[in-house]
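Residue numbers (this note's numbering), protein chains in the order written: chain A, 1 to 180; chain B, 181 to 387.
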């Protein structure tokens with residue numbers, strides 16, 4: 001069944017077609033949600049929300065982009081908005097803990113490249129981190145990233161380059177690991 | 181150190197960044213089906229309430245029109261004023277009762293859903309609908325009653341807060357709204373102001 005036929009069947013309320021569409025895309029959506037959220041509960045919630053919205057809005061899908069691009073645009077919007085709220089909430093919680101004087105000190109950075117890298121990726125600005133995770137971790141092309149995030153391909157490339165530069169700076173202590 | 185080598189090391193090391201487990205396909209599919217069913221049911225439940233909203237706005241508009249018409253003071257109108265005053269008062273009472281009932285239903289639903297962290301966009305939409313009616317009520321003779329006016333002003337604030345909630349709610353904002361409702365005893369005052377049971381039953385056959 002090609003994509004156009006699948007969409008037509010989903011629009012007509014065919015449950016089996018809905019499941020086929022879900023099966024075809026859920027892995028990639030969940031992986032991206034997990035990579036960006038770093039939490040299984042949030043990744044599940046974001047993935048579910050993405051598909052609920054996609055099924056509701058499929059009637060308005062005009063086929064100008066590929067279905068996977070359209071679906072990933074919904075997914076990134078759900079994930080990034082969701083993470084903004086989570087971040088706001090956690091910041092409030094941290095403020096409360098700080099005010100109560102119960103917060104523990106920050107753990108000392110572990111002398112381990114992967115841990116330091118994870119921390120450095122977490123510290124990247126939203127846009128840089130999204131592009132870095134999509135491109136360098138999940139293997140999306142700049143064209144896919146541009147279409148998904150609604151930015152020019154050049155913007156995606158520039159953000160990736162800046163993200164790498166920031167990471168390189170943050171990991172300067174580990175230069176020996178990649179100096180041959 | 182070369183850029184190429186750095187990028188390769190970076191990409192390899194980054195594979196462990198938030199490494200996802202196997203996709204929980206079945207569990208998520210069941211949740212999606214449940215969420216869509218719940219949305220469908222909620223939409224069906226809300227449709228009649230929206231129709232009531234339009235009705236209330238129409239009744240208020242008629243009330244305001246009658247009020248303005250009788251205020252012009254021409255002799256012909258003066259002659260029929262007592263009758264129109266009575267019907268105007270009735271229209272305002274009816275509109276107020278319907279408005280208060282709908283608002284009570286919304287706030288009660290909002291509080292119970294907020295407990296399970298499910299306050300969502302439907303509430304924001306309903307609150308926006310009711311906000312317009314609240315403004316009309318405040319501008320109508322119904323607001324000459326000081327107690328009702330105070331209640332309407334508090335309701336306007338609460339409805340505005342709910343109307344501005346983002347989709348999927350913001351837990352902290354929802355808690356603030358609930359605190360406001362409790363501190364100002366809004367629901368209690370609402371029920372006291374509108375004690376005679378659901379509007380649709382009370383007003384059956386009145387129009």
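Beta carbons: idealized from backbone N, C-alpha and C, even for Gly.
Residue ranges of each alpha helix (DSSP H) run of no fewer than 4 residues wholly in the segment 126 to 174 of chain A, ordered along the chain? With a minimum length of 4 residues, the unbroken runs of alpha helix (DSSP H) contained wholly in the segment 126 to 174 of chain A fall at 126 to 132, 142 to 149 and 153 to 170.
Inter-stretch contact at 8 Å, needing at least 3 Cβ pairs: the segment 195 to 214 of chain B / the segment 167 to 175 of chain A: The segment 195 to 214 of chain B, when compared against the segment 167 to 175 of chain A, does not touch it at the 8 Å Cβ threshold.
Are the Cβ atoms of residue 156 of chain A and residue 131 of chain A separated by less than 8 Å? Taking the first residue of the first chain as 1, we reach residue 156 of chain A at position 156. Taking the first residue of the first chain as 1, we reach residue 131 of chain A at position 131. Yes, they are a contact pair.
Local conformation of residue 64 of chain A per DSSP, three classes: Numbered from 1 along the first chain, position 64 holds the residue referred to as residue 64 of chain A. Coil.
Indicate whether the contact test is met: 3 or more Cβ pairs, each with one atom in the segment 316 to 335 of chain B and one in the segment 357 to 374 of chain B, closer than 8 Å. Short answer: they touch.
At least one CB of chain B closer than 8 Å to the CB of residue 130 of chain A: is that the case? Here residue 130 of chain A is taken as the residue at index 130 of the first chain, counted from 1. It does not; no Cβ of chain B falls within 8 Å.
Got a sec: is the Cβ-Cβ distance from residue 66 of chain A to anything in chain B below 8 Å? As a first step, residue 66 of chain A is located in the first chain; it is residue number 66 there, counting from the start. No, because no Cβ of chain B sits closer than 8 Å to the Cβ of residue 66 of chain A.
In terms of alpha-carbon separation, which member of B/245, B/238 and B/292 lies closest to residue 279 of chain B? Your numbering for residue 279 of chain B matches position 99 in the second chain. Of all alpha-carbon atoms in B/245, B/238 and B/292, the one lying nearest the alpha-carbon of residue 279 of chain B is that of B/238.
Just the chain B side, please: which residues come within less than 7 Å of residue 113 of chain A by C-beta, in chain order? Numbered from its first residue, the first chain carries residue 113 of chain A at position 113. Simply 193.
What in chain A is Cβ-close to residue 287 of chain B, meaning under 9 Å? Along the second chain, read from residue 1 onward, the residue named residue 287 of chain B stands at position 107. Against chain A, a Cβ distance below 9 Å from residue 287 of chain B picks out nothing, because the smallest value is about 23 Å.
In its own chain, which residues sit with a C-beta less than 6 Å from the C-beta of residue 73 of chain A, not counting the 5 before and 5 after it? Locating residue 73 of chain A in the first chain gives position 73, where the first residue counts as 1. Scanning its chain for C-beta atoms nearer than 6 Å, with the 5 sequence neighbours on each side dropped, one finds around residue 73 of chain A the residues 148, in chain order.
What do you reckon, are the CB atoms on residue 158 of chain A and residue 129 of chain A nearer than 8 Å? Looking up residue 158 of chain A in the first chain gives position 158. Looking up residue 129 of chain A in the first chain gives position 129. No; because the gap between Cβ atoms is not below 8 Å, this pair is not in contact.
Quick one: what's got a C-beta closer than 6 Å to residue 18 of chain A's C-beta in the same chain, skipping five residues either side? As a working mapping, residue 18 of chain A is identified with position 18 in the first chain. Within the same chain, 10 come within 6 Å of residue 18 of chain A by CB-CB distance, once the 5 residues on both sides are set aside.
Using a C-beta to C-beta distance shorter than 7 Å, which residues of chain A count as neighbours of residue 212 of chain B? Walking along the second chain from the start, residue 212 of chain B turns up at place 32. From the beta-carbon of residue 212 of chain B, the residues of chain A found nearer than 7 Å are 48, 51 and 52.
Quick check: the Cα distance between residue 7 of chain A and residue 146 of chain A, rounded to an integer number of angstroms? Residue numbering aside, residue 7 of chain A sits at position 7 when the first chain is read from its first letter. Residue numbering aside, residue 146 of chain A sits at position 146 when the first chain is read from its first letter. Near 23 Å, if we compare the C-alpha coordinates of residue 146 of chain A and residue 7 of chain A.
DSSP-derived helix/strand/coil call for residue 341 of chain B: Within the second chain, residue 341 of chain B is the residue found at index 161, counting from 1. Three-state DSSP puts residue 341 of chain B in a helix.
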